[in-house]
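J.:
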Amino acid sequence: MLTAKNIVKNYAVDGKVVPVLKGVSLSIAEGEFVSVVGRSGSGKTTLLHVLATLIQPDGGELHFGDHDLRRLPEKKLNILRQADFSVIFQFHHLLPYLTVLENSLLSCMHRMKPVPKEAVERAYHCLGRVGLADKADRLPGNLSGGEQQRVAIARALVKSSKVIFADEPTGSLDKATGEQIMELLAGLHQDGMSLVMVTHEPEYAKLSERTVVIEDGMTKR
Amino acid sequence: MNILTIPARNIRRKPAKTLLLLLVFTLGVMSIVTLYQVSLVVGHNFEKKLTAFGANIVISPVRETLNIGYGGFQMGEMLVDFTYLPEEETVAAIRAIGLKDRISAVAPKLVTMARVGAEAVAVVGVRWPEERGIKSYWAAVGRFPEHEGEVLVGSKVSARMGLAEGSKTTLLGREFTVSGTLYETGSDDDTVILMDLTALQQLMDKPGATSFIEVAALCAGCPIEDIVAQLRGQLPGTEVKALQHIVNQRMASVHFIRNLALAVSLVILVTAGAMVGLSMLSAVNERKKDIGILRSLGFGKGQVFAIFCLEAGFIGMLAGLIGYLAGFAASFKVLELLALGEGITPSFSFVQLLAVSLFFGLVTVAAALYPSWKGAGIEPSAALVAL
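First to last, the protein sequences are chains B and L.
The numbering of the first sequence is my numbering, which starts it at 136 and goes up by one.
The numbering of the second sequence is my numbering, which starts it at 2 and goes up by one.
#1: Of the residues V268/L, I95/L, L111/L, which one's Cα is nearest the Cα of I104/L?
#2: So what's L262/B in DSSP terms, helix, strand or just coil?
#3: Name the residue from S188/L, D191/L, L201/L whose alpha carbon lies nearest to the alpha carbon of E176/L.
#4: State yes or no: is the beta carbon of M2/L nearer than 8 Å to at least one beta carbon in chain B?
#5: When you compare the CB positions of V152/B and T181/B, do they come within less than 8 Å of one another, or not?
#6: Whether or not the segment 210-220 of chain L and the segment 141-159 of chain L are in contact is what I'm after, with contact meaning three or more pairs of Cβ atoms, one per stretch, closer than 8 Å; do they touch?
#7: In the DSSP assignment, what residue or residues form a beta bridge with D302/B?
#8: When DSSP labels each residue in this structure, what does I379/L get in the three-state scheme?
#9: Got a sec? Which residues, its chain only, sit under 8 Å from S296/B by beta carbon, not counting five neighbours each side?
#10: Would you decide whether D197/L is buried or exposed? Buried here means 16 or more other CB atoms lie within 10 Å of its CB.
#11: Between I214/B, D309/B, M317/B, which has its C-alpha nearest A287/B's C-alpha?
#12: What residue from A356/L, G362/L, F329/L, Q353/L has the CA that sits closest to T346/L's CA?
#13: Sorted by chain position, which residues of the same chain lie with C-beta nearer than 6 Å to A377/L's C-beta, five sequence neighbours on each side aside?
#14: What residues in the segment 295-307 of chain L bring their beta carbon closer than 8 Å to a beta carbon of chain B?
#15: What does Y232/B reach in chain L if we use C-beta pairs closer than 7 Å?
#16: Would you say the segment 332-349 of chain B touches the segment 226-235 of chain L, given that touching needs at least three Cβ pairs under 8 Å?
#17: Compare the C-beta of L197/B with all C-beta atoms of chain L and state if any pair is closer than 8 Å.
#18: Using a Cβ-Cβ cutoff of less than 7 Å, which residues in the same chain neighbour E131/L once the five nearest sequence positions on both sides are dropped?
#19: Chain L partners of L189/B, CB-CB under 7 Å?
#20: Taking only beta-carbon atoms, is T354/B less than 8 Å away from chain L?
#21: If you reduce the DSSP assignment to three classes, tell me which class S297/L lands in.
#22: Under a CB-based cut-off of 8 Å, is L316/L close to chain B?
#23: Could you tell me which chain L residues have their CB closer than 9 Å to the CB of N145/B, listed as they occur along the chain?
#24: What do you get for Y232/B, buried or exposed, if any count of 16 or more other CB atoms within 10 angstroms of its CB means buried?
#25: Would you give the residue range spanned by the alpha helix (DSSP H) that P130/L belongs to?
#26: Go through its chain and collect everything with a Cβ distance to A387/L's Cβ below 6 Å, but skip five positions before and after it.
#27: Quick one: which chain B residues come within Cβ less than 9 Å of I7/L?
#28: Check I194/L in the structure and name its three-state DSSP category.
#29: Take G209/L as the anchor and find which of K15/L, K110/L, G134/L, E240/L has the nearest alpha-carbon.
#30: Only counting runs of 3 or more residues, tell me where the beta strand (DSSP E) segments fall wholly within the segment 81-153 of chain L, in order along the chain.
The structure is reproduced here in structure tokens:
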């Protein structure tokens, strides 16, 4: 479903070109749970951003179904991000001035047209699933780190995304909360969503069906 | 919930910053509205005062003239038929035009020739209150006529005929007393004898007749051409002439006040706009994270651009609304403090209120265009790397 071939990505640091991804190839099947592991600075997050179309690679091929993501116009990429892809970040990244409910519905709020009733009902349902139905009107600042991460998961659930990209989703949480989050993510996978998760934790990586190791900008296995 | 929810909630996020920005912009709008209202009233007042220095429209009957010469003897231009304007109907018609509120004074006149002894002199019948209303610069040795049988004598006539305050003179077969003589005006008034219009109409046996009518019109709200056109429509068979040099002189004075207010307003507007622009620029830098989140959720560049513009526009519209009301109220106080109103007050208009609100909304959007465009141009990756 999502295929990356020979992905190359460089960054310019102080006028020098620093290669981060040096020809990474990866394929994710529909409904597959893949974890990406590697040392800090190995290029895991950059790879995740390339796969989620948040960053354009400098070389290689990237396909999602029939779409060539490197040649897809901006508008179609936006539609893809709205409907098919969801990103869960390490630090949750919720808009602090929107309520839990509004944050979970953010991807539906890109028009002047009000969010449909069905979407709001679905958001309440998804918040219930992550255990936050009673906190729908709260602002993220009044929630714990684990709760904020659950809002981010609810946001992905509301969209019914095909692929969820999780960038160290338990990285800023304690062990117990991290386990709860992993349970939720595993639940999403069981629902049939594809899951690509960058993690430092080998025990969470074991929950996935396949582990890809990134080392010095290349896939090791 | 829709895209408007995002800027609306963000405005509430930093109330102190939002309020400060709103306050600065509201003060700007308030100053502009106050200046505008005060300049309108002062300009109107100024123009009204200027009408005391003469009329700017003259209405007379259409006259046909013929240049007559025969056998080498030239008689010059002669009137074919001498007609008069009926005073009551003509004045009523002038006061009934669509722009009647722009008519400040109507001064009818009847002119004839008479002899004082062997000397010929022009006699002009006037309505004293109207005449003195448009000629406040008149000053007399003695006093202005107050009773029946009194006349006012122009300075040159007084010198030529030896008529002074208290003199008796016979005009058109009736004796009159000179109540006063005019100081030199430099105008035609120096060469005539002025008397009450009704008295002259009776002497000439032409009740209700006038030779021409002078009109003082206020031109600040509309061009003089519009007033002349309406008078022509209302008074067929008459000649209506605008004294353009007088109109232009007056409008130059009134426009100076308006232009001064406009220049100051422009400076305030640019300063307030620059503040909004700077504030939005810093907001874009502060909110890179928000931009990254929105872009990762599929918000397009146009939508991010719209969110920043809507935020600025909302502040501008609110400032416009509050600023207009505050400026309107302040203009009363300013006019009162400077004693400039003199019976004329600023007029409130809902249309103006909406227009001001919309205009300042657009000004803030314009000021926020560059920061918004800059924000919209940030790629999601760049925003997220900056986190």
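Yeah, the Cβ is synthetic: ideal placement off N, Cα and C, and Gly gets one too.
T.: So, from the listed chains and residues:
#1: Ranking the options by Cα distance to I104/L, first place goes to I95/L.
#2: helix
#3: L201/L
#4: yes
#5: no
#6: The segment 141-159 of chain L, when compared against the segment 210-220 of chain L, does not touch it at the 8 Å Cβ threshold.
#7: V333/B
#8: Coil at I379/L, not helix or strand.
#9: A218, D219, F220, S221, M328
#10: buried
#11: M317/B
#12: Nearest option by C-alpha distance: F329/L.
#13: The answer, listed in chain order, is K302, V305, F306.
#14: L295, R296, S297, L298, G299, F300, G301, K302, Q304
#15: R10, N11, R13, R14
#16: Flag = no, the segment 332-349 of chain B and the segment 226-235 of chain L do not touch.
#17: Contact with chain L is absent for L197/B, since none of that chain's Cβ atoms lies less than 8 Å from the residue's Cβ.
#18: A106, V107, A108
#19: S297, P381, S382, L385
#20: no
#21: Of the three classes helix, strand and coil, the one that applies to S297/L here is helix, per DSSP.
#22: The sequence shown places Ile at residue 316/L, not Leu. Chain B contact via Cβ: absent.
#23: By Cβ distance, chain L contributes nothing, its closest Cβ being about 13 Å from N145/B, past 9 Å.
#24: Around the CB of Y232/B, 16 or more other CB atoms lie within 10 Å, so the residue is classed as buried.
#25: 129-135
#26: Model confidence at A387/L stands at a pLDDT of 48, short of 50, so the residue's coordinates are unreliable; what they give is reported in the following sentence. Only K289 meet the Cβ criterion.
#27: L230, Y232, L233, E237, L241, M244
#28: strand
#29: Taking only the C-alpha atoms, the option nearest G209/L is K110/L.
#30: Counting whole runs of 3 or more residues, the segment 81-153 of chain L contains the beta strand (DSSP E) stretches 104-117, 120-127, 141-143.
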